[in-house]
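Data first, discussion second: the structure below is written as structure tokens.
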Amino acid sequence: MLAAEEFTVREEPYYLPLGDEIELFEAAFRQRIPVLLKGPTGCGKTRFVEYMSYRLGQPVTRISQGGDGPGEAGPRPFVTVACHEDLTASDLVGRYLLDTDGTRWIDGPLTRAVKHGAICYLDEVVEARKDTTVLIHPLTDYRRLLPIEKLGQVVEAADGFLLVISYNPGYQSALKDLKHSTRQRFISVEFTYPSREQEAEIITHESGVDMAVSIELAKLGEKVRNLKEHGLGEGVSTRLLIYAGRLIERGIAPRRAAQVAVTWALTDDLDVQRSIEEVVTSIFE
Amino acid sequence: MSVAAELAARNRERFEGFPEPLLEAYEAGLRALEARLTPTRLENWSRGGLDLMAVSLRSWESAAEYFRAGPRIPEAAPWETWEQLAGEAASLTEQSAPLAVSFLRSAPETLALVGPNHLAQWADLGRRLYKGNWKSSSLAAQFYDAGPELFAAIRMSQAGRLTLFLDELARHSYELAAACLASAPEVLGRLDGADRAPFLTFGVELAQSSWADSRLYFDRGVALLQRVHAPVRERYLLLAARVARDHSRSAFQYFEDGAAALGEVEPDAHGPVIELAEQLAPHSAYAAMDFIGNSPAVLEKVRIDELPAWQAAGLGILAASREGGEAYFRLQSSRGEEVLDTLSARVELARVGEVLRLYAKALTGRDISIHAAAVLAEKGIGWVDEERASTEGTTIFLPEVMERHRDKDENFAAMKVFATHQAAHLEFESFAFSFERPSALFEDLRPTLPERGEARPATEIERFFDLFPDRALASDLHEIAEDARIDAAIKRAYAGIRGPLGRMQREELARRPEVSELPLRQAFVENLVRVSLDGAGAVRWPAGRAEPMAGGVAILQRLTAAGATAEDAAEAALRLYRLAIGIRNERDESEDDWDALPEFDEQSLDLDLSGLGGDGPPMELGEAPEGESEYESPQEIDFRGEFKPELVQLLMKLRDGAEQGDAGRISPEQLTEEQLRELLEKSAEIDLDALLEGDLQQTTGMFLSNLLKEAGTPALDSDAQSDQPLSDLSTGADEGEEPLAPVVTTYYYDEWDFRAQDYKPRWCAVKETALEEGGEEFYEETLREYASLVSQTRKQFELMKPELFRKIKRLSDGEDVELDPAIEWMIDIRTGVSPTEKIYWRRNKVERDVAIAFLLDMSASTDEEIARRDQQYDDAGDDPRKYLSWWVTKRRQELAAPPKRIIDLEKEATVLLITALETIGDDYGIYGFSGYGRDNVEFYVIKDFEERFGEATKRRIDKVTPIRSTRMGPAIRHAIHKLSATEAKVRILVLLSDGRPQDHGYGRDRTEKEYAIHDTRQALNEARREGITPFALTVDRAGHDYLKTMCEDMGYEVVGDIESLPRRLPALYRRLTE
Ligand SMILES: Nc1ncnc2c1ncn2[C@@H]1O[C@H](COP(=O)(O)OP(=O)(O)OP(=O)(O)O)[C@@H](O)[C@H]1O
Ligand SMILES: [Mg+2]
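Protein chains in written order, with the numbering used here: chain A, -19 to 265; chain B, 268 to 1341.
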């Protein structure tokens, strides 16, 4: 199953800039330089692209691989691709479908984005099959071409087209590392966790809880991230902290909310769980 | 005529007047034995029987039995046995003919069972039971009759005890004895061989003390005894026998209760329980048995490893008062209950240490270890108290057990408060104090005061303390101020800790000494302590002179504000000192009442003491006047533990001296004797008298070398080596250490000099050799030890295999025709286009094409023993039996296996990794490295890339041992060289080390880590450039991991829980390549 979504972002998504990423992205867009967003899960990459596409008045095409669960928060729903390692070039470009009248060619999401001049966001690109990178290459150099082998066509990208990919450098398999020839076609914008104050602001905005609670949640995030190398593949994401905030907003006790949204969501290692639990009980009454 | 016939004829007339069957038996006997015995022997045999006939009126009966027995005597029996039998028969017949009859009737079968040698013994046993009356005669006869049945079950020695038992019983009741004898073969037969003798021993004692219970014992004893773990049954019975020996009527009851109780306890735990009981037995056998009988109840509350503590407490009571002790073990004393509750509620650091370690790491963001406070005292670096919590900057030291409450959760909460306070010193930067940094809440006095120290102070905090004439007072006030700040910061940042911390503060307040009995300056300090414990209401002070006290309180309370820093605490300490020194340390002689402080308007108090720094000449901090009582420090506060900022700063400075730039840098060489001596003399906490007893010079030296060791630098005594100039190319090689030198190939590599930002060309010589071979046992042993993990690993890696098979399409030859291209091919043919013939597909074994080089740190530091982390028991508390068995297994393992070192785990992990790699078939090489100096980087081949895994590999792993230094860079470069030679597409280099690169000349001096770290990182970068994925795995619990900061963006992982390494390594490999 492939999750591809196309829409024009009409309402301004909430995005709190953490650095100069907006300027960088805008400049890259004007110069048609492809962008790679690097950073841990749930730190706002997707939100950022949405926001930028709104700012730039561009329709976006999002192609998401794994990562985002069905409970994904965001202005538009995501569809999850379960068999994420099976994304092939034809999934992106298009394929012949059989119907009563015979075969019919259907453009893939990438092709449509190329034709319509949209921002195309390939989430967690390393998860996709190797053959997809073959498509990315001609699209990302000066030619801006998408070869559609099966049709024997080459489509030139419409003016507004921009390819954005994301990549989480955390724990990666050596087999899946992003190849240099691919990587060096993008500028790399790095996302890190926001500062405590910024994160609290995001949590408050997204969940509606008091700033006082948000600050405590952000503090929890900060403390738990200190345990990153201890069996937690990654630190806790802003997304999870927002979940905790939303539960609290619905009247769940903070300790309990943190337990389900943070402690248990992060690890199955009992020792580590217990330690996080102790941090939670220290921070929340 | 045959001999038999002749004998029969000759003796016929002697049978006159005897019943007919007698003669029949005689003649039948003769006929049957004729062939077996020589004529002489036959005649002897015949005479034996004839003699019996003559003994008494009824002795013909025994003669008849004699004649019938003859033919049944086992073939193997020697002639002596025949004679012996005749002799025993004669003597028994004289005593009692029926007895002899029974004896003779079962003698042949019994002989077959016990062998000829035991005949006499058997006869004697029966004889012992015979007392001349008919009851005893029938018991003895029964004994003989039972022979064949009995000896089918038991041996002669056991029969001896049985007889003792029966004999004892018979004194009270022949019926009972007879009944027991009747059931003996069956009862004893059901027992294990080894249990029979002790079973009977207890039986004998029981027969003496409460004979009536013997039947019960025979009826139920075996089933009861079988509840006791076989290896300790004898010891159990002996304990039970002790009670019986005490003439107790309830011996059987004790036996029964004890055995039933043990039945509820896991068999493996019986040993420990019995052992503890045996220690009690000399004092009171009852206590010993009650201890066993109550063990299940006790074990419901405490763990088996706490049982000794509970027993010891009772043993103490028992030794003092037998009655008291017995009540204790009967569980009928409140003291016993109390001890139980305390034990079951206490929290041991060993069990919660790991959780607290991660907790502290989360709070502080630093790699922190947790150890018992005693460990710190042992280090000999200035801390002397073995029980109080503290930190020296990288480790938090906590009490070994927490048992102040009767509830486990409360005890844990207390432990957590202790840990939080120490962590908070780190989180809120108590030790980052800088003399020059302005405070946030006060007008700074520090710059206005004259500095008094002569020598350049070693640390910032030392420089601060140098301002004070009275060091002890200053140190106390500073500690109070800093702790007040820290506790306030904790309460602000951690709402969840507020409750437990507040409770602990209140408990401390309740323990404080009566303030009005202290000399005034001490009373002043005491009141400050109370304020710092959030107990401003508990301040008591003479009503008439409230002013200085109110000022002190206000100063201290200012530190509870958000944003207060270590410098604020220092400024506060200055002001408090000024106030305190102005108060004479004398008891208050005035008539004033000691009241709570009245409300003060803060404005009215001159908190900045501007008068102190003001316009006039800089004012010195005063000194205590002559003639007052000597100042004593306030009573300690448990949960805050010891606070020694001057030592922590010194250690920290030593640890990362190199990173601080030259200005504030201290290397051990630069830290002068003078500075140290001053530090030692001035440090209020160090017991000067003790120091002065020894040679100060020596003590200082020891202290220094301990400190250096602590700071991660080698001890001073190896100093000479470091003085070798870098350019000295001579190595130790020509000292002829290795008589049979293996083939050594030398390679040269550049080294990265981060100061020059350039490589030093061909700087290091890497000497590659095959590692010596040892035995295969280590390898096999490891496989056995980790059997389940091994099979798990195999399975997991098997699972990765199917992916190796991919369907390859569009081939010109293959397994089968592929539909799509075939159609295309047809169409092409029809339309006249030249077709492509690639229409086949085939499943192909796609090589995974992964090569991994695995680099093992074999430096001396891997020799470090791993403090075995107390394994956690998961099913907490539910089922004491399960727990017991778990505990005992664990104990056994501990006894069987000596503590492991880092290197051992490296080795074990290697073995497991090999299992994984062999399963999946990836190409791999395993190498070890060590060496000394840049000319001698030893690179040991354990298994080379092209080499096949085999016996030699196993034998080499055995020889992986800690050798010398750790020059990581060149070793990594050589591994890169090896990897580059492989054709594999994916190449991985895993470096397994303790994270402490260190070698002679690998940096400006031995304390400098930076050079080594930069070079190591650079080497790892080179790997990346070569398209190799580097991964550094660091085994480190102590926070000595210097690589971490440098490798954060690389594949890097700390294995904090070293013992999990064998499990983690294959898992990591899977993640890297899946
Ligand atoms: N800077 C930010 N401004 C506003 N919202 C943010 C920001 N950072 C994170 N968020 C919130 O966090 C949520 C998760 O972010 P997002 O889905 O964009 O993460 P992501 O980086 O795309 O994660 P993944 O890698 O898992 O796809 C968002 O829905 C948003 O609510
Ligand atoms: Mg996303």
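Note that CB positions come from ideal geometry on N, CA and C, so glycine has one too.
Looking at the C-beta of residue i, does it have a partner C-beta in chain A at a distance below 9 Å?
| i | result |
| --- | --- |
| residue 761 of chain B | yes |
| residue 1191 of chain B | no |
| residue 693 of chain B | no |
| residue 621 of chain B | yes |
| residue 628 of chain B | yes |
| residue 1328 of chain B | no |
| residue 624 of chain B | yes |
Would you kindly work out how many angstroms separate the C-alpha atoms of residue i and residue j, rounded to a whole number?
| i | j | result |
| --- | --- | --- |
| residue 495 of chain B | residue 463 of chain B | 14 Å |
| residue 392 of chain B | residue 427 of chain B | 7 Å |
| residue 596 of chain B | residue 792 of chain B | 48 Å |
| residue 1422 of chain B | residue 429 of chain B | Residue numbering for chain B in the displayed model covers 268 to 1341; residue 1422 of chain B lies beyond these limits and cannot be assessed. |
| residue 632 of chain B | residue 1107 of chain B | 59 Å |
| residue 564 of chain B | residue 726 of chain B | 57 Å |
| residue -9 of chain A | residue 630 of chain B | 40 Å |
| residue 954 of chain B | residue 643 of chain B | Only weak support is given to the placement of residue 954 of chain B: the predicted model assigns it a pLDDT of 45, under 50, and the question is left unresolved by the model. |
| residue 834 of chain B | residue 710 of chain B | 11 Å |
| residue 1407 of chain B | residue 293 of chain B | Within the shown structure, residues of chain B are numbered from 268 to 1341, placing residue 1407 of chain B beyond reach of any answer. |
| residue 1279 of chain B | residue 187 of chain A | 48 Å |
Might you give, ordered along the chain, the residues of its own chain that have their beta carbon closer than 8 Å to the beta carbon of residue i, omitting 5 neighbours on each side?
| i | result |
| --- | --- |
| residue 783 of chain B | 790, 807, 855 and 861 |
Taking 9 Å as the CB-CB cut-off, is residue i touching chain B?
| i | result |
| --- | --- |
| residue 264 of chain A | yes |
| residue 197 of chain A | no |
| residue 176 of chain A | no |
| residue 130 of chain A | no |
| residue 183 of chain A | no |
| residue 135 of chain A | no |
| residue 27 of chain A | no |
| residue 254 of chain A | yes |
| residue 92 of chain A | no |
| residue 235 of chain A | yes |
| residue 246 of chain A | no |
Can you list, in chain order, the residues of its chain with a C-beta nearer than 6 Å to that of residue i? Leave out the 5 residues immediately preceding and following it.
| i | result |
| --- | --- |
| residue 242 of chain B | Absent from the structure is residue 242 of chain B, since the part of chain B shown begins at 268 and ends at 1341. |
| residue 234 of chain A | 228 and 264 |
| residue 1298 of chain B | 1257 and 1318 |
For residue i, I'd like the list of residues in its chain whose CB is within less than 7 Å of its CB, leaving aside the five on either flank, ordered along the chain.
| i | result |
| --- | --- |
| residue 1328 of chain B | 1172, 1176, 1302 and 1322 |
| residue 1211 of chain B | 1192 |
| residue 811 of chain B | 857 and 859 |
| residue 733 of chain B | 718, 719, 720 and 724 |
| residue 1293 of chain B | 1243 and 1247 |
| residue 1041 of chain B | 1222, 1225 and 1226 |
Quick check on the DSSP output: the alpha helix (DSSP H) that includes residue i runs from which residue to which?
| i | result |
| --- | --- |
| residue 752 of chain B | 738 to 760 |
| residue 1019 of chain B | Where residue 1019 of chain B is concerned, there is no enclosing alpha helix (DSSP H), although the beta strand (DSSP E) it sits in stretches over 1012 to 1020. |
| residue 396 of chain B | 386 to 396 |
| residue 1030 of chain B | It is not in any alpha helix (DSSP H) - residue 1030 of chain B instead sits in the beta strand (DSSP E) that spans 1025 to 1037. |
| residue 432 of chain B | 423 to 439 |
Which residue comes first and which comes last in the beta strand (DSSP E) that contains residue i?
| i | result |
| --- | --- |
| residue 1196 of chain B | 1190 to 1198 |
| residue 662 of chain B | 662 to 665 |
| residue 1254 of chain B | 1253 to 1260 |
Looking at residue i and ligand 4, is the gap between the Cβ and the nearest heavy atom below 8 Å?
| i | result |
| --- | --- |
| residue 1267 of chain B | Absence of ligand 4 from the depicted structure is noted, with ligand 1 and ligand 2 being the only ligands included. |
Runs of alpha helix (DSSP H) lying entirely within the stretch 351 to 383 of chain B, each at least 4 residues, in chain order: You should have 364 to 381.
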